[in-house]
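The block underneath contains the structure these notes are about, expressed in structure tokens.
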Amino acid sequence: MEEFKSARAECNVDVVKGELVFEIVAKDPVSAKAILNSILKIYETYEKTRAIK
């Protein structure tokens, strides 16, 4: 399990039956969107590097 925290939001990442499960708890919608954008950016980078191989 990985955990990411900021002043206004936190995200827990678990692996359940081979799938990633993200649990996002945020104080406001802007914080939730910021965490989600970070996750999507990491995933996009992963997909791009995987395509190069």
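Position in the sequence shown (first residue = 1) + 177 = the numbering used here.
Glycine residues also receive a C-beta, built at the ideal position from the N, C-alpha and C atoms.
Please list the terminal residues of the continuous beta strand (DSSP E) segment that includes residue i.
i: Ala203; result: Glu196 to Ala203
Check whether the Cβ atoms of residue i and residue j sit closer than 8 Å, and answer yes or no.
i: Ile201; j: Ile219; result: no
i: Glu179; j: Val190; result: yes
i: Ser208; j: Ala228; result: no
At the level of alpha carbons, what is the spacing between residue i and residue j?
i: Ala184; j: Ser215; result: 15 Å
i: Lys204; j: Lys182; result: 12 Å
i: Pro206; j: Thr226; result: 30 Å
i: Phe199; j: Lys210; result: 13 Å
i: Cys188; j: Glu196; result: 16 Å
Considering residue i, what are the terminal residues of the alpha helix (DSSP H) in which it resides?
i: Lys182; result: Looking at the DSSP string, Lys182 is not in any alpha helix (DSSP H); the run it does join, the beta strand (DSSP E), is Glu179 to Lys182.
i: Arg227; result: Pro206 to Ile229
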